[in-house]
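S.K.: Protein chains in written order, with the numbering used here: chain A, 1 to 197; chain B, 198 to 751.
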Amino acid sequence: MLKITNLSKSFEKILFEDFSLEIEPGEIIAITGPSGCGKTTLLRIICGLDNSESGEIYVNEKLISNLPPEIRNVGLIFQTPVLYPHFDVENNLRLGDKNGNIQSALKEVNLEGFEKRNIDSLSGGESQRVSIARALLAKPEILLLDEPFSSLDEELSFQLVSDIRKILKMRKCPAILVTHNINIAEKFADRIVSLNK
Amino acid sequence: MKRGMTHLLIVISYLTLVIFPLILAFDRLIWVSGFNPSNWVNSLEANYISQGVLWFTIKQAFLSTVVTALIAIPIAWQLGRYEWRFESVIKAVLTMPFVMPSIIVTMGFLQITGSNGLSLRDDSSTWLPTLLIAHAWFNSALFIRFCEPVLSNIDPNYLDQITLLPGGNTRLKRIRNLWAPLLFPSVIAASCMTFVFSFTSFALVRWITIGDDSLESMMASIASSAGIQGYMISHNEIILGASLVQFILLASALWLVSSIQQKRQKQIRQSLEKIVKSKNKTGWLVIGPAITFAVFPLIAVLISSFRIRTTSQTGTHYDWNTSAWNFAFSDNYSLASANDAIFNSLGYATITVLIALPIGWFLSQTIVKVESKNRFLARVLDLFVMIPFAVSSVMIGLGVMIGMIKIDPEFFYSLWITPVFAHVMITTPFVVRILISSRRSIKQDYLECAKVLGLNNKERLFKIEFPLMKHSIFIAIIFVIAMSLGEFGASWVVTRNSEWTTLPILIDSLKGVPYNNSLTIPAACAIASILMIFTIITFTIAEKFRKTNTGGMF
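Now the structure itself:
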């Protein structure tokens, strides 16, 4: 499904060297490690927002490391939800799929009836659910989550973790979660990978 | 409570200061011509003096806005999205034209297009394009100031996220779904302001399009016969009609700007970290010509001050010397000397700062405070503050002049400080616009925390608000000095019957002297160069204090 081979990246110091990883279809993994160890950078390299110095990335046996991020079909959820203030919820979702079923996408993340809501009227948890719904509407071959629960309280985080895991499993969508919270990693992932130095 | 009362008093005083001369002007004109608004508006087309002026004003303002947008948006894009060597210098050069007195711009474009330059002026069909380009030169800074900070400081996650989505996986889709909607409010606000400034353009229209008038230049030329009972009644009607139409159009545009600015300031998430930008060598194809465009008219003015036309039996030739500068500083002709004009201009600018800055401070504080409780009321107040933009400097000058005539003309005409009234009215809205952006960006938490820590009103003012806003305060001071030094329209009306000549008035007077004296135009260029040097110095100082993420109007 996802295959990373011999990936290396340094930025002022070596972040990772000859890093390899394989993810099975529908598998959810969590990557943990201390701050500054390169977790976010790894996700940004997988989706193409950053470049690695060496190594290759395959999705469904297709080499994607040389492709621009626009056509990799890899979804990314940022730490702070990125919703566009000039669009309402529906139009933010339409960025994921112009003709997609917005109602069912919102229903999937428990936000029925939120179509016309302004972005600034959403709570942190609701904003993150909208950004997840939008990422899933784009039908990514793999979903990357960059500490999306870190700004939420514990109760809300666990609720969201459980909801998203359920959706991903139902869709058989593989995912990588980056987190430094081991409890969340255990609850969310099938397997935990530690990116220690 | 005490502070609230002070605010209220300042606001009432300012509104009185702004509105009173206007009431005087309108009262006097209505007294002469009678109260019949439809007659006033109809007189615009009925009278040969004003026939076609309204449509020409709207046409040139609209076209100027389009031309300015086409020239300035690509410049703003390049500056905002890429890294440039000497970026602050480039930004300063490209935005400096906006604070240049319009009389200098006029001189520059006349030198470039006149017989000493491209020799286009004999063909009257070139006047309108020259005017449009001059307006674009003048107002491009508005688009750069409005759009560049949005492009420059926007949270990079916006772009990263949309690039990964089907709605943004091509350049065209990113323009449609990200850049166009994000820039739209800034472009509209800049367009409205460009329209306002092109609509009220005075010196440029007066000298560049010899055959055409804008409402402003037409009003200025007939203002001297207005308000006299039984004399040229139609002139009163024309001024009233022109003012009414101008007020409605410009107040609508300013209302739109105020509303956009209020919303925009809270909408777009800016990056908290320094954004790493890439270099773009091909961007020099945009920035290079833009820099040339920005400095060319100014260099033309300076060069023309040293180039003296000499006509002899062998024909016309040009000498290079400093005789025009000597002529400008001498007392041996009927006009005031450059020394007197410099003294007056600098004096008026200093006093204007001392009055306009505190008034502008209190007004901006009041608007932001009212905004948190009643947004509509805040916008109304904001619009009132901007009235001097909408009623034009000529009308303000006329109001001040009629006020002086009504109270004690001899006393006021002999009073050196009189033109300051008009300068304060014209510069205070600029102070408010600069300070209000800065005041809105102060987090409420800072002020609330200070209260919890026990700081009183005065301590909060000096320990929290002043330090947080010091850059904007300094920029406001510099802006007032630059605007006051270059103020032309109101001074032209107010000082016409007095001896208090300012630098722009002296340039205008020199340009009006018959062409047979070969030194008058170069002398006008010499005075314009002095004014230009003052403006460049003040603007360069202001740029040093500007924070990189300072968005908004000026």
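Beta carbons are placed, not taken as given, at the ideal position from N, Cα and C, and that holds for glycine.
Find out if the Cβ-Cβ distance for the pair leucine 83 of chain A, asparagine 92 of chain A is shorter than 7 Å.
M.R.: yes
S.K.: I need the DSSP call for serine 194 of chain A, collapsed to helix, strand or coil.
M.R.: strand
S.K.: Starting from leucine 682 of chain B, trace the alpha helix (DSSP H) both ways and give me its first and last residue.
M.R.: 663 to 683
S.K.: Spatial neighbours of tryptophan 752 of chain B within its chain, please: C-beta separation below 7 Å, excluding the five flanking residues on both sides.
M.R.: The requested residue 752 of chain B is not part of the displayed model; chain B covers only 198 to 751.
S.K.: Let me know if methionine 170 of chain A comes out buried or exposed under the rule of 16 or more other beta-carbons within 10 Å of its beta-carbon.
M.R.: exposed
S.K.: Please confirm if the region 338 to 348 of chain B is in contact with the region 292 to 300 of chain B, defined as three or more CB-CB distances below 8 Å between the two stretches.
M.R.: yes
S.K.: Please tell me whether glutamine 257 of chain B has its Cβ less than 7 Å away from any Cβ of chain A.
M.R.: No, glutamine 257 of chain B lies away from the interface with chain A (no Cβ there is under 7 Å from its Cβ).
S.K.: Determine whether the beta carbon atoms of asparagine 73 of chain A and proline 25 of chain A lie at a separation below 7 Å.
M.R.: no
S.K.: Whole angstroms are fine: how far does the CA of leucine 532 of chain B sit from the CA of alanine 521 of chain B?
M.R.: 14 Å
S.K.: Beta-carbon of threonine 356 of chain B versus every beta-carbon of chain A: anything under 7 Å?
M.R.: The amino acid at residue 356 of chain B is misidentified as threonine; the sequence shows leucine. It does not: the Cβ of leucine 356 of chain B has no partner Cβ on chain A nearer than 7 Å.
S.K.: Between the region 244 to 277 of chain B and chain A, which residues of the former have CB atoms less than 8 Å from a CB of the latter, in chain order?
M.R.: Along the region 244 to 277 of chain B, there is no position whose C-beta sits under 8 Å from a C-beta of chain A.
S.K.: Report the residues of the region 338 to 362 of chain B with a CB closer than 8 Å to any CB of chain A, ordered along the chain.
M.R.: Asp352, Asn354, Tyr355, Asp357, Gln358, Ile359, Thr360, Leu361, Leu362
S.K.: Can you find a CB in chain A that lies within less than 7 Å of the CB of asparagine 233 of chain B?
M.R.: no
S.K.: Among B/Phe663, B/Glu434, B/Tyr279, B/Cys722, which one has its Cα closest to the Cα of asparagine 477 of chain B?
M.R.: B/Tyr279
S.K.: Quick check on the burial criterion: 16 or more other C-beta atoms within 10 angstroms. Buried or exposed for valine 286 of chain B?
M.R.: exposed
S.K.: Please state the DSSP three-state secondary structure of aspartate 409 of chain B.
M.R.: coil
S.K.: By the DSSP assignment, the alpha helix (DSSP H) with glycine 557 of chain B in it spans what residues?
M.R.: 535 to 570
S.K.: Identify each residue in the region 78 to 94 of chain A for which the Cβ-Cβ distance to at least one residue of chain B is less than 8 Å, and report them in chain order.
M.R.: Only Phe78, Thr80, Val82, Tyr84, Pro85, His86, Phe87, Arg94 from the region 78 to 94 of chain A bring a Cβ to less than 8 Å from some Cβ of chain B.
S.K.: Can you list, in chain order, the residues of its chain whose CB lies under 6 Å from that of leucine 156 of chain A, leaving out five sequence neighbours each side?
M.R.: Gly125
S.K.: Determine the extent of the alpha helix (DSSP H) in which alanine 332 of chain B is found, giving its start and end residues.
M.R.: The amino acid at residue 332 of chain B is misidentified as alanine; the sequence shows histidine. Membership of histidine 332 of chain B in the alpha helix (DSSP H) is indicated by the continuous run 324 to 350.
S.K.: Find the residues of chain B that neighbour glycine 26 of chain A, judging by a C-beta separation of less than 9 Å, and give them in chain order.
M.R.: Chain B residues near glycine 26 of chain A: none, gap ~21 Å exceeds 9 Å.
S.K.: What's the gap between the Cα of valine 263 of chain B and the Cα of phenylalanine 676 of chain B?
M.R.: 26 Å
S.K.: Between which two residues does the beta strand (DSSP E) holding alanine 30 of chain A run?
M.R.: 28 to 32
S.K.: Can you tell me whether tryptophan 252 of chain B is buried or exposed, with buried defined as 16 or more other CB within 10 angstroms of its CB?
M.R.: exposed
S.K.: Count the other CB atoms within 10 Å of the CB of glutamine 510 of chain B; is the residue buried (16 or more) or exposed (fewer)?
M.R.: exposed
S.K.: Taking CB distances under 7 Å as the criterion, tell me whether cysteine 47 of chain A reaches chain B.
M.R.: yes
S.K.: Since leucine 446 of chain B and phenylalanine 396 of chain B should fall inside the 8 Å C-beta cutoff, what is the C-beta to C-beta distance between them, to a whole number of angstroms?
M.R.: 7 Å
S.K.: Measuring only between beta-carbons, confirm whether leucine 15 of chain A sits less than 7 Å from chain B.
M.R.: no
S.K.: If you follow the alpha helix (DSSP H) that threonine 391 of chain B is part of, which residue opens it and which one closes it?
M.R.: 377 to 396
S.K.: Quick check on phenylalanine 223 of chain B: does DSSP put it in helix, strand or coil?
M.R.: In the three-state scheme derived from DSSP, where H, G and I count as helix and E and B as strand, phenylalanine 223 of chain B is classed as helix.
S.K.: Using beta carbons (cut-off 7 Å, strictly below), is asparagine 477 of chain B in contact with chain A?
M.R.: no
S.K.: Scan the region 368 to 401 of chain B for residues whose Cβ lies nearer than 7 Å to a Cβ of chain A and list them as they occur along the chain.
M.R.: Within the region 368 to 401 of chain B, the residues whose Cβ lies closer than 7 Å to some Cβ of chain A are Asn374, Pro378, Leu379, listed in chain order.
S.K.: Cα-Cα, which of A/Pro68, A/Glu147, A/Ala135 is closest to arginine 368 of chain B?
M.R.: A/Pro68
S.K.: Roughly how many angstroms lie between the CA atoms of asparagine 236 of chain B and isoleucine 436 of chain B, to the nearest whole one?
M.R.: When rounded, the separation of the alpha-carbon atoms in asparagine 236 of chain B and isoleucine 436 of chain B is 12 Å.
S.K.: Only counting the same chain, and skipping five residues up and downstream in sequence, which positions put a Cβ closer than 7 Å to that of alanine 258 of chain B?
M.R.: Phe392, Ser395, Phe396
S.K.: What are the residues of the region 53 to 71 of chain A that lie near chain B, defined by any Cβ-Cβ distance shorter than 7 Å?
M.R.: Pro69, Glu70, Ile71
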